[in-house]
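Numbered per the numbering used here, the sequence shown spans residues 266 to 456.
Even for Gly, the Cβ is constructed at its ideal location relative to N, Cα and C.
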Amino acid sequence: MRCFIAMELPQAVRNRLRVLIERMKPLCSSVKWVGAENLHLTLKFLGEVRDESLPEVEKAVTEATASHPAIQLQALGLGVFPNPNWPKVVWAGLVEPEGGNKLQALQKGMEEALEPLGFNPEKRKFTPHLTIGRINARRGKPLPLERLMREVQARKMEDFGSFKAREIVLFKSDLKPSGAVHTVLSKNPLS
266 MRCFIAMELP QAVRNRLRVL IERMKPLCSS VKWVGAENLH LTLKFLGEVR DESLPEVEKA
326 VTEATASHPA IQLQALGLGV FPNPNWPKVV WAGLVEPEGG NKLQALQKGM EEALEPLGFN
386 PEKRKFTPHL TIGRINARRG KPLPLERLMR EVQARKMEDF GSFKAREIVL FKSDLKPSGA
446 VHTVLSKNPL S
């Protein structure tokens, strides 16, 4: 089964992002927008996990989260990956408004706990974000993204809400023609 580890968002933040996504939909038809019910902060994408490996994964996640405190987060601003000249992902940022690196430490601990089980650490630097849309570009064909990019730029410091992240969730993700369906497999509280 296809799995990932994430933090869920409170309904108030989801609602603000849902309104934003509805406003942005007419700006570019080449974006596949994420449904508000699927918005989350991915800490680790695992890919395919065999059923018999699931207990080990759950144990590693429990151990990785046991000593980490709850984290105050703020959904702040929009941006794109990998760069504004050839964007593929539209995202809302996540920051620790009180400063610090609790989220980075938690994500690193997750990587370290899962590596002995055969899950390679992510090569890219962890950048906390909520994917809100994926741009479907055809290779070599430029898209009319000017309106979308102006909107992203105009909202680069917009506040979408703050919340205290109190748990980590292991999800199963089933890919359907209508989009991904995420199912909670287990939850682990932060201390």
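If contacts are defined as beta-carbon pairs under 8 Å, then residue i and residue j qualify, I think. What distance do you get, rounded to the angstrom?
i	j	result
A430	L338	5 Å
A271	L306	6 Å
P393	L435	Wrong, their Cβ atoms sit about 18 Å apart, outside the cutoff.
G342	R420	7 Å
Mark residue i as exposed unless 16 or more other C-beta atoms lie within 10 angstroms of its C-beta, in which case mark it buried.
i	result
K309	buried
A331	exposed
Q418	exposed
G365	exposed
M375	buried
R345	Note that residue 345 is Val in the sequence shown, not Arg. Label assigned to V345: buried.
E287	exposed
V284	exposed
E380	exposed
V449	exposed
E273	buried
Can the beta-carbon of residue i be found closer than 7 Å to that of residue j?
i	j	result
F384	L311	yes
I397	P352	no
P454	E432	yes
Grab the span of the beta strand (DSSP E) containing residue i for me, first residue to last.
i	result
G374	Counting along the chain, G374 falls outside any beta strand (DSSP E), though it belongs to the alpha helix (DSSP H) covering 367–379.
A357	354–360
E313	305–313
E273	267–273
N453	444–454
R399	394–400
A301	Here A301 belongs to no beta strand (DSSP E), and DSSP marks it neither H nor E.
G383	Here G383 belongs to no beta strand (DSSP E), and DSSP marks it neither H nor E.
A335	Neither: A335 is in no beta strand (DSSP E) and is coded neither H nor E.
P390	Here residue 390 turns out to be Lys, not Pro, going by the sequence shown. It is not in any beta strand (DSSP E) - K390 carries neither H nor E in the DSSP assignment.
Cα-Cα, which of the options is closest to residue i?
i	options	result
L304	A357, K390, E377, E321	A357
E317	E287, P362, L382, P347	L382
K367	K297, K324, I336	I336
L395	A402, V284, A340, E363	A340
E323	P442, G444, K437, V446	K437
E302	E313, L413, R279	R279
A378	M414, K388, V326, G444	V326
K373	E387, E363, E361	E387
Need the endpoints of the alpha helix (DSSP H) that residue i sits in, please.
i	result
G328	As written in the sequence, residue 328 is Glu, which differs from the Gly given in the question. From DSSP, the alpha helix (DSSP H) with E328 extends over 319–331.
V417	411–419
A277	276–289
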